[in-house]
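Residue numbers (the numbering used here), protein chains in the order written: chain A, 6 to 263; chain B, 6 to 263. Every residue, glycine too, gets a C-beta built ideally from N, C-alpha and C. Since we're looking at a predicted model, the values are computed, not measured.
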DNA sequence: TTCGTCCCTTTGTCCGACAAAGCTTGGCAT
DNA sequence: ATGCCAAGCTTTGTCGGACAAAGGGACGAA
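Below you can see the structure in the form of structure tokens.
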């Protein structure tokens with residue numbers, strides 16, 4: 006029996022060399038001594054600096070690469086970069102799927118998050134934000150018969166609203182749920198005849214309310230919009246208490262690690 | 006000029022072998038053919054299955070390891086595991102810091118998220134949840150003079166509330182912000198004399214309101230509690246519009262990759 | 001100046017090797 | 001028979017070296 010058992014002392018952890026390489030570079034980044042855009046030396050340089058083998062350096066770099074802290078440009082130079090929201094959100098979404106969260110959890114979180122977003126968006130949206138929303142709306146009205154395209158535009162619509170909120174914390178908080186939530190709009194638009202029309206109509210009202218800085222109106226329509234999703238989901242014959250994993254296959258992007 | 010520029014064609018991506026190894030294993034996990042707890046073969050087995058070198062397999066495994074999809078037990082067997090919220094949230098928090106979000110963004114998101122949490126907690130909290138909150142409260146009352154301990158208990162209090170909401174989507178959505186938000190309570194408790202007392206008093210009211218299933222009361226005190234944080238923050242001489250990176254050093258956990 | 005070619009650098013992959021730490025097995029003492 | 005211990009096998013972490021492919025730069029030709 007060699008497993009650590011609870012007791013007087015903590016289990017001693019011996020960090021491996023590749024972990025220490027990753028941590029060392031990460032510390033430089035978090036401390037601001039390496040800034041996004043800066044180049045990290047070549048593998049050969051790192052080998053000399055850390056005094057470990059190139060294989061070890063490479064394994065360490067893989068950790069940072071996966072964390073989104075460094076990136077290779079076209080298979081070449083290695084440089085520091087800001088972890089991109091989308092990538093992080095993808096990971097969170099996968100975690101939610103693996104934890105078998107239900108559509109109900111997703112729905113209830115979406116109500117809270119999207120209401121919060123619309124509140125902030127009414128206060129903060131700029132002309133550019135409104136223009137982007139209008140453009141999305143125009144595309145959506147032209148795609149009323151295409152569920153796949155429409156679902157994509159719905160997802161984008163809410164992402165644009167989140168950006169208009171000018172609150173990146175909120176933007177990041179809602180994204181994982183959104184990535185799982187809105188794609189099911191595709192299912193709804195296909196199965197429920199009036200679904201697409203109601204969705205686009207709600208978007209119209211939301212844009213107008215944001216433009217008019219009318220918070221009450223905006224909240225009202227956002228609530229209707231999200232509740233519509235729930236109704237459509239049930240009308241499409243799905244159970245709101247089923248785990249989301251059932252529809253996840255189509256989401257798994259091929260270029261997860263690219 | 007070899008950089009891909011926007012134009013007629015998408016950039017061609019050539020996935021490397023180690024990425025394909027990671028993706029292949031990830032697909033098995035996401036498809037449910039490998040379940041949490043299952044063992045993944047030894048490196049030698051993977052070498053034979055994928056027909057690539059062990060170094061390549063190892064680099065692929067590093068990606069999965071960092072993604073939290075696989076884990077090694079005591080440096081030995083490799084097995085599939087559920088990505089843990091805490092680890093994902095750490096990563097998100099770091100991203101927020103690197104993106105230089107401000108305390109204002111953090112504060113406004115916290116208002117929305119914590120109000121959402123308390124709403125759900127009032128509906129869903131079980132006896133066990135309440136017992137855990139009471140225990141936390143007892144410890145906090147005994148630690149009124151210890152800012153560090155108190156800040157930790159405050160963070161835990163809100164995490165317990167989130168768990169009581171029985172909504173894992175919400176729980177995960179709030180955690181990254183919480184990891185940055187509540188630790189500053191330490192600063193407040195140290196600098197603002199009445200800070201600690203007000204905090205513990207608010208927690209008391211929150212527990213009671215949840216126990217009484219009184220949503221209005223709970224929302225009221227949660228709002229006061231969070232606004233108190235903001236007031237304390239300003240009274241401690243900090244600017245709400247400064248980026249959070251300024252206080253991040255103490256958060257960077259040493260065993261990020263362990 | 002612009003273009004194409006050659007050469008050097010760097011990455012991705014492969015091969016082989018070895019020490020340390022787990023696990024297994026077989027023998028030994030009780 | 002049961003329990004303990006040591007030797008041996010397995011697996012991981014690390015190392016050293018090697019090579020093809022692709023990027024980048026220098027150099028010369030048009």
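Do you know offhand how far residue i's Cα is from residue j's?
i: residue 262 of chain A; j: residue 24 of chain B; result: Reliability fails at residue 262 of chain A, whose pLDDT of 37 lies under 50, so the model's placement of it is uncertain and no value is given.
i: residue 214 of chain B; j: residue 193 of chain B; result: 25 Å
i: residue 179 of chain B; j: residue 112 of chain B; result: 12 Å
i: residue 203 of chain A; j: residue 99 of chain A; result: 29 Å
i: residue 135 of chain A; j: residue 216 of chain A; result: 7 Å
i: residue 171 of chain B; j: residue 83 of chain A; result: 42 Å
i: residue 201 of chain A; j: residue 237 of chain A; result: 10 Å
i: residue 36 of chain A; j: residue 92 of chain A; result: 23 Å
i: residue 198 of chain B; j: residue 173 of chain B; result: 36 Å
In the DSSP assignment, what are the bridge partners of residue i?
i: residue 110 of chain A; result: In DSSP, residue 110 of chain A forms no bridge with anything.
i: residue 76 of chain B; result: B/84
i: residue 248 of chain A; result: A/107
i: residue 44 of chain B; result: B/84
If I measure Cβ to Cβ from residue i and keep anything under 8 Å in the same chain, skipping five residues before and after, which residues do I get?
i: residue 88 of chain B; result: 72, 73, 74
i: residue 58 of chain A; result: 52
i: residue 247 of chain A; result: 107, 108
When the cut-off is 9 Å and only beta carbons count, does residue i lie next to chain B?
i: residue 171 of chain A; result: yes
i: residue 37 of chain A; result: yes
i: residue 42 of chain A; result: no
i: residue 131 of chain A; result: no
i: residue 113 of chain A; result: yes
i: residue 52 of chain A; result: no
i: residue 93 of chain A; result: yes
i: residue 250 of chain A; result: yes
i: residue 117 of chain A; result: yes
i: residue 88 of chain A; result: yes
i: residue 195 of chain A; result: no
i: residue 60 of chain A; result: yes
i: residue 99 of chain A; result: yes
i: residue 34 of chain A; result: yes
i: residue 237 of chain A; result: no
Check this for me: beta carbons of residue i and residue j, under 9 Å apart or not?
i: residue 175 of chain A; j: residue 122 of chain A; result: yes
i: residue 126 of chain B; j: residue 166 of chain B; result: yes
i: residue 211 of chain B; j: residue 226 of chain B; result: yes
i: residue 19 of chain A; j: residue 64 of chain A; result: no
i: residue 140 of chain A; j: residue 85 of chain A; result: no
i: residue 68 of chain A; j: residue 181 of chain B; result: no
i: residue 128 of chain A; j: residue 218 of chain A; result: yes
i: residue 209 of chain A; j: residue 142 of chain A; result: yes
i: residue 145 of chain B; j: residue 62 of chain B; result: no
i: residue 186 of chain B; j: residue 241 of chain B; result: no
i: residue 30 of chain B; j: residue 118 of chain A; result: no
i: residue 94 of chain A; j: residue 184 of chain A; result: yes
i: residue 34 of chain B; j: residue 48 of chain B; result: no
i: residue 224 of chain B; j: residue 158 of chain B; result: no
Does the CB of residue i have a neighbour CB from chain A at under 9 Å?
i: residue 63 of chain B; result: yes
i: residue 73 of chain B; result: yes
i: residue 182 of chain B; result: yes
i: residue 157 of chain B; result: no
i: residue 134 of chain B; result: no
i: residue 124 of chain B; result: yes
i: residue 84 of chain B; result: no
i: residue 204 of chain B; result: no
i: residue 103 of chain B; result: yes
i: residue 257 of chain B; result: Because residue 257 of chain B carries a pLDDT of 44, less than 50, the predicted location of this residue cannot be relied on, and no value is offered for it.
i: residue 165 of chain B; result: no
i: residue 231 of chain B; result: no
i: residue 243 of chain B; result: no
i: residue 190 of chain B; result: no
i: residue 178 of chain B; result: yes
i: residue 120 of chain B; result: yes
Which same chain residues, not among the five before or five after residue i, have their C-beta less than 7 Å away from its C-beta?
i: residue 250 of chain A; result: 102, 105
i: residue 195 of chain A; result: 152
i: residue 41 of chain A; result: 85, 86, 87
Among the residues of its own chain, which have a CB less than 6 Å from the CB of residue i, if the five just before and after it don't count?
i: residue 55 of chain A; result: 26
i: residue 137 of chain B; result: 165
i: residue 97 of chain A; result: 181
i: residue 148 of chain B; result: 154, 155
i: residue 244 of chain A; result: none
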